[in-house]
Amino acid sequence: MFDRIKKAFSRDARERSDSTLAQAHGPVSEWAASRGMSFSGGALGSAMTMQGKVGGRPWRMELGRPTRDYIVGEELRARAELAVDDSVGAMVINRPLKEALERRAYSMITDTLQTTADPRLPEEMRWLAMYDEVGWEGPPADFWTRYAVLSDKREHALAWVDDALAEQLMAWPKPAPSAQVPFMIVLLRGKCYLRMQYMPPEMSTLEHATALFVSACEAGIGAFRK
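Position 214, counted from 1, in the sequence shown is what this note's numbering calls 209; the numbers after and before it change by one each time, with no gaps.
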């Protein structure tokens, strides 16, 4: 399944260098400044970094080399310390990635030669084991075809993924990421995380992903503020 996901992406995306990203720093820095965010070139392994605030709390977004083997090309990742109820756990993940991670987990369980846990396994595989998938009436059928929502409690997912956030998750501007592009937003331990493949590598993708992340943070603060 991982091979099928990787083959869905073009060779050009795999082979683009950090120097290509560097050429985009000017437009990105101007865009970040226009929205009150700070911008800087990242450290080794991270081509660019943006920082902002939501609900008075800081958040940070990075675009650079992938830290997950299921992402090809560049990875866009974000994290915010929301100081919300740290007992809440929920995630939105695109369904092809969920299925791929579950297949990997199943393969590990059934592999009689593997006796110890692989330290390279992504944390999100544990989240899939911890949380149950939930659903409800409201979002359209194509939302549930594209995404899975998992949570420790169904009411937590309902409170976080409201109609506005669900609609935004389906409103990627063209050229839009396909349903195969690895994507997840997670609310866990009082923090919000975003991780996705930066595909297509367009300013519109970056802008919408940022807006999505901020909206997810705002929804989390509104629903679970201590």
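By construction, the Cβ of each residue, glycine as well, lies at the ideal position given by its N, Cα and C atoms.
In this structure, Met179 and Met86 form a Cβ contact; the two beta carbons are roughly 6 Å apart against a cut-off of 8 Å. Closest option to Gly68, judged by alpha-carbon separation, among Ala218, Val209, Arg220 and Pro196: Pro196. Apart from sequence neighbours up to five positions away, the residues of its chain that approach Pro172 with a beta-carbon distance below 8 Å are Phe178, Met191, Gln192, Met194, Pro195 and Thr200, ordered along the chain.
Apart from sequence neighbours up to five positions away, the residues of its chain that approach Lys186 with a beta-carbon distance below 7 Å are Arg74, Ala75, Glu76 and Leu77, ordered along the chain. In the structure shown, the three-state DSSP call for Pro53 is strand. Counting the other CB atoms within 10 Å of its CB gives Gly215 a total of 16 or more, which places it among the buried residues. Excluding the 5 residues flanking it on each side, Trp139 has same chain C-beta neighbours closer than 7 Å at Gly130, in chain order. Classified as exposed, Met165 has fewer than 16 neighbouring CB atoms from the shown chains inside 10 Å of its CB. Around the beta carbon of Thr205, 16 or more other beta carbons sit within 10 angstroms, so the residue counts as buried. Excluding five sequence positions before and after Pro117, the CB atoms of its chain that fall closer than 6 Å to its own CB belong to Arg63, given in chain order.
With 16 or more other CB atoms across the displayed protein chains lying within 10 angstroms of its CB, Met56 is buried.
With 16 or more other CB atoms across the displayed protein chains lying within 10 angstroms of its CB, Arg141 is buried. Under the three-state reduction of DSSP, Lys221 is assigned to coil, being neither helix nor strand. Comparing alpha-carbon positions, the option among Asp157, Glu162 and Asp127 lying closest to Asp137 turns out to be Glu162. The residue among Lys221, Glu213 and Glu119 with its C-alpha nearest the C-alpha of Pro53 is Glu213. Annotation for Leu153: the continuous alpha helix (DSSP H) segment containing it runs Arg149 to Trp155. In this structure, Met120 sits near Ala100, with a CB-CB distance shorter than 8 Å.
Of Leu123, Met198 and Arg149, the smallest CA-CA separation from Glu132 is found for Arg149.
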